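Notes for the one structure printed next.
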Amino acid sequence: MPTASYNQGFQMILQSAPAPSSSPPASSVIRAKRSFCVGPYELQEEESQPEFQPSRSRRGQASRTQQLWEEILSDPSQWWDNKSDDKVCGSHISSRVACLLALSSWRFKRKPRFPDFKHRTAKKALWIHDRLNPPWVHARRAAFVQCQEQGESGLPKPEIAGRIVKMEQLWQEFFSDPSRWWDNRLIKEGRNYPDFKHKITNEGLWVENWLNPPWVEAKMATMALGQTQSGGGLTQRLSYSLKNGDNVSKLCREGRLKDALHIVELMVKRNIQAPINAYVGLLKGCTRSKALAEGKRVHALIVQSGLHSDIFLGSTLVNMYAKCGSVLDAREVFNKMPEHNVFSWTAIIAAYADYGPGGEAINLFQQMQQTGIAPDKVAFVVVLKACARIGDLEQGKQLHSNIIKSGLESDVTVGNTLVSMYAKCGCIEDAHEVFVKMNKRNVVSWNAMVAGYAQQGRGKEALALYEQMKQEGVQMNDITFVALLNACASIAALEKGKQLHSHIIRSGFESDLKVGTALVDMYAKCGIIEHARQVFNRMSERDVVSWSAMIAGYAQQRLGKEALALYEQMKQEDVQPNKVVYVVLLNACASAVALEQGKQLHSDIIRSDFESDVIVGNTLIDMYAKCGCMEDAREVFNKMNERDVISWTAMIAGYARQGLASKALALYEQMKQEDVQPNNATYAVLLNACAGVAALEQGKQLHSDIIKSGFKLDVITGNSLIDMYAKCGSIEDAHEVFVKMNEQDVGSWTAMIAGYAHQGLGKEALTFLGQMRREGIKPNEATYVSVLSACSHSGLVNEGRYLFGSMCRDHGVTPTVDHYACMVDLLGRAGCLADAKDFIDKMPIQPNSVIWIALLGAAKNHGQVEMGRRAFDCVVKLEPENAAAYVLLSNIYAAAGRRDEVEKIRKEMKVAGLKESAWMQLD
14 MPTASYNQGF QMILQSAPAP SSSPPASSVI RAKRSFCVGP YELQEEESQP EFQPSRSRRG
74 QASRTQQLWE EILSDPSQWW DNKSDDKVCG SHISSRVACL LALSSWRFKR KPRFPDFKHR
134 TAKKALWIHD RLNPPWVHAR RAAFVQCQEQ GESGLPKPEI AGRIVKMEQL WQEFFSDPSR
194 WWDNRLIKEG RNYPDFKHKI TNEGLWVENW LNPPWVEAKM ATMALGQTQS GGGLTQRLSY
254 SLKNGDNVSK LCREGRLKDA LHIVELMVKR NIQAPINAYV GLLKGCTRSK ALAEGKRVHA
314 LIVQSGLHSD IFLGSTLVNM YAKCGSVLDA REVFNKMPEH NVFSWTAIIA AYADYGPGGE
374 AINLFQQMQQ TGIAPDKVAF VVVLKACARI GDLEQGKQLH SNIIKSGLES DVTVGNTLVS
434 MYAKCGCIED AHEVFVKMNK RNVVSWNAMV AGYAQQGRGK EALALYEQMK QEGVQMNDIT
494 FVALLNACAS IAALEKGKQL HSHIIRSGFE SDLKVGTALV DMYAKCGIIE HARQVFNRMS
554 ERDVVSWSAM IAGYAQQRLG KEALALYEQM KQEDVQPNKV VYVVLLNACA SAVALEQGKQ
614 LHSDIIRSDF ESDVIVGNTL IDMYAKCGCM EDAREVFNKM NERDVISWTA MIAGYARQGL
674 ASKALALYEQ MKQEDVQPNN ATYAVLLNAC AGVAALEQGK QLHSDIIKSG FKLDVITGNS
734 LIDMYAKCGS IEDAHEVFVK MNEQDVGSWT AMIAGYAHQG LGKEALTFLG QMRREGIKPN
794 EATYVSVLSA CSHSGLVNEG RYLFGSMCRD HGVTPTVDHY ACMVDLLGRA GCLADAKDFI
854 DKMPIQPNSV IWIALLGAAK NHGQVEMGRR AFDCVVKLEP ENAAAYVLLS NIYAAAGRRD
914 EVEKIRKEMK VAGLKESAWM QLD
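Quick note: to get this note's numbering, add 13 to the position in the sequence shown (first position is 1).
In structure tokens:
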């Protein structure tokens, strides 16, 4: 039809259609939805939904949509019709496309989100089922179809009339004998397939065909197909269509699990035996979707059909229950199976290896061998994963021996699992040996080895493998890059990390979620937090792990404000924090002593239902303890439903840090009464508490408990015992512990030297330092602080001067403010106040209040009033509220008989707002 005649005819039809109101009310915009049949027979027509009430901005959009519809109906030639496969303008719309305009034709578009009509020149688009469409659109579309499909006489065109007659004849034939037609509605693969298909002629009928006679819809509505169909048409069709279970499996793969389950339920209801593959497809669909409820329905159907004794079905059921998180149901199915083969045993072993107690997986594997069933490679792989999960190296080695005997060592999958098992059990050398002996390696083999080195903190070896992979042309994947980035993070290899980043970009993996998160973590752990944030901001997709990595990066750099700000942004973007986020933020609050922020996080944790988590609870205790709120820490401790040794240790450490040794020891006794076994960290904390209050008897009791519990005297516990005995004045016991230690580190030697210094045994400390050097142990900064302190308390001025010079000159230790404070104290105690003042003036770093307090104390001891006053002025300039400085200067004035100056000091303290308790030390 020419464009002019087309428009003229269309305008004539428009005059008979309902005219649009000038401004249709917003409440008249009704949302319509067409839902297609998923049940056995019914087809739900367009169903009205509750009225859509648009906002003010949406009312403006509705008005704009109305204008566009008026524009397209006035001149369709300016719009592309996207509902068909080809872009055709309004003047060449075929009868098929015209039909689509009147029906729900979005099915012919490539994607539903594409517009049904698009303007040829302007950026304008329309959708037939847009909820903002005015109500008169449907009536005008019907008029349009009538205009297009009728000739000038008002009757249908000949070709259309012939199709209508043919369709009416087919429907009459169908209703006369439905048994001659296949009912495809339940199992058809797409909407282009007919709903009913003749068994002989293959003629097709569609319930929604626009050419259907008007009486078809009413006839279908009043007809019960299931009762009318005789001759077993539906039964035969279902049986035919579902043989081998292919259609059910396809529906499950397409995510239409409920449709597939409905089909099988209908078959069972009609006493049709569904094939085993149909049930297997359903169970696999339930496994993929983690649909436990649907899986139990399938299980019931299997029992009802009498197939529960089938070994393959039973194994698939075990696998489904396990992967849906119900290991107990999986074990129940396994136990009820009349017989077992290697597949059923492997299924239950895998259930425990992945989701249950790993030790039970190993026990089941041994039971399988005892029954005479030889494990295959899948069984070995599964049980090796269980060993890796629980760190059972001995059992893993035994399995390795069995694998060699079985001749499966050359299998690449088995070899990969062996490498992973040894690496996760901490035996990286054995993992490398298996890796080297593998005849064939794939990218999984390399990934397992790289990840093993990274987990053991051996980043250099992991990066060496990376270079070898490039030389051998191994195609890397996302797992490879994640493992390599973790290796860079473990050793802070920033330059190598940047090279990897470039390689990732070239390989097209930068947009991968896991790779992006690993990049954020790598840059953060290398201290380049700006680069980490840039990668984080560029990520197109972020999950809770990505946010956790970024927040942890800020926390590690002590950027608490930025970490908390990112946490707020995370909540605004509706990302639910996990316990890792809360743990990281609580640790940041503890380091910064940010009590208020910690309390706010505690409130969020309660709302998120993470308070019962043991790790979160332990971190809350630590945060409150480090912020000095022991009451709140104890309240969290008491409310915990489950407490582990870390919970008790955190609480004891809090009491010890606050100098509450008696409460720490009382909690230790309660811990023993509740049969909680202390670990090395617990004993170290308790020994430090005893050392702080010089509680020698309690310390000895703890030493006895350590011996009785069978703990080996490791470095941490040994050093704590040395420190406790030394600070309690028992230097002989400290030396005895030192000698009995299997291994001593620099901390052990430093603890002994500090003990000699505490007892004023400077010469013994120097002797011990010489012995330490002869045994090849390099002293660190803390060691020299202890030695200089020993010289100070023993009056060894020359030795102290020499040590300070050799520390810088010969041993490469840069002096810190603590070393300078020790030297000032050394010179001051010896009465060399002028030298001490000169030493301070020549310091390359700014002296702090501790150094000036040392000089002030020396001035008090030697009655140097003027030197004391100068030191006092420097202290109060740095710390105006340092009460010790006021007390020391007041005592200097009192010793010199200058009572008026003492009164001035008292007044200055009052003005400074210092507590009166500080005055009690005034002479």
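Note that CB positions come from ideal geometry on N, CA and C, so glycine has one too.
Keep in mind that this is a model prediction, so the values were computed, not measured.
### Asp851 versus Ile375, Tyr833, Ser862, residue with shortest Cα-Cα distance
Tyr833
### Message
With distance defined between alpha-carbon atoms, name the residue in Ser862, Ala908, Gln877 nearest to Cys887.
### Response
Ser862
### Task
Go ahead and label Glu58 buried or exposed: buried means 16 or more other beta carbons lie within 10 angstroms of its beta carbon, across all protein chains shown.
In this prediction, Glu58 has a pLDDT of 34, which is less than 50 and means its spatial position is unreliable; nothing more can be read from the coordinates.
### Query
Among Glu609, Leu614, Lys584, Gln585, which has the Cα closest to the Cα of Val597?
Leu614
### Message
Taking the beta strand (DSSP E) that His132 belongs to, which residues open and close that run?
### Response
130–132
### Whole runs of the beta strand (DSSP E) within the stretch 828–878, excluding any shorter than 3 residues
none
### Query
Looking only at C-alpha atoms, which of Ser802, Ile866, Asp758 sits nearest to Met785?
Asp758
### Query
How would you call Gly486, buried or exposed, if buried means at least 16 neighbouring beta carbons within 10 angstroms?
exposed
### Message
Looking only at its chain, what residues have a beta carbon closer than 8 Å to the beta carbon of Arg301, apart from the 5 residues adjacent to it on each side?
### Response
Cys265
### CA-to-CA distance, Tyr906 to Glu921, given in whole angstroms
14 Å
### Query
Under 8 Å between the Cβ atoms of Ala674 and Cys640?
no
### Query
Could you give the residue range of the beta strand (DSSP E) that holds His824?
Neither: His824 is in no beta strand (DSSP E) and is coded neither H nor E.
### Query
In whole angstroms, what is the alpha-carbon distance linking Ile85 and Asn222?
25 Å
### Query
Does the beta-carbon distance from Val395 to Ala363 come in below 8 Å?
yes
### Task
Put Phe623 into one of helix, strand or coil per three-state DSSP.
coil
### Query
In whole angstroms, what separates the C-alpha of Lys538 from that of Leu579?
17 Å
### Query
Can you tell me whether Cys337 is buried or exposed, with buried defined as 16 or more other CB within 10 angstroms of its CB?
buried
### Task
Using 10 angstroms around the beta-carbon of Asn499, count the other beta-carbons present and answer buried if the total reaches 16, otherwise exposed.
buried
#### Entry: Cβ-Cβ distance between Ile441 and Gly465 below 8 Å
yes
### Straight-line Cα distance separating Lys410 from Met438
The sequence as given places Cys at residue 438; Met does not occur at that position. Approximately 11 Å, taken between the alpha carbons.
### Message
Excluding the 5 residues flanking Ala666 on each side, which residues of the same chain have their C-beta closer than 6 Å to its C-beta?
### Response
Val698
### Message
If I follow the unbroken alpha helix (DSSP H) through Phe494, where does it start and stop?
### Response
491–504
### Query
In three-state terms, what does DSSP make of Lys509?
helix
### Message
For Met820 and Val593, what's the separation of their Cα atoms in angstroms?
### Response
43 Å
### Query
Does DSSP put Ala135 in a helix, a strand or coil?
coil
### Task
May I have the straight-line CA-CA distance separating Val752 from Leu869, to the nearest angstrom?
40 Å
### Query
Below 8 Å between beta carbons: does that hold for Ala502 and Met451?
no
### Query
DSSP on Asp886, reduced to helix/strand/coil?
helix
### Query
If you count every other CB in all the chains shown that lies within 10 Å of the CB of Ser903, and 16 or more means buried, which is it?
buried
### Query
When we look at the beta-carbon of Ala475 and count the other beta-carbons within 10 Å, is it buried (16 or more) or exposed?
buried
### Query
Which residue from Cys845, Thr827, Lys873 puts its Cα closest to that of Ile858?
Thr827
### Message
Quick check on the DSSP output: the alpha helix (DSSP H) that includes Asp443 runs from which residue to which?
### Response
441–450
### Query
Given that a residue counts as buried once 16 or more other Cβ atoms are within 10 Å of its Cβ, and exposed if not, what is Tyr253?
Annotation note: pLDDT 46 at Tyr253 (below 50); position unreliable, coordinate value reported separately. By the neighbour-count rule (16 or more Cβ atoms within 10 Å), Tyr253 is not buried but exposed.
### Query
Between the beta-carbon of Val346 and the beta-carbon of Leu295, is there less than 8 Å?
no
### Task
Could you tell me which of Asp727, Lys685, Leu678 sits nearest to Lys713, measuring between CA atoms?
Leu678
### Task
Identify whether Phe724 lies in helix, strand or coil by the three-state DSSP scheme.
coil
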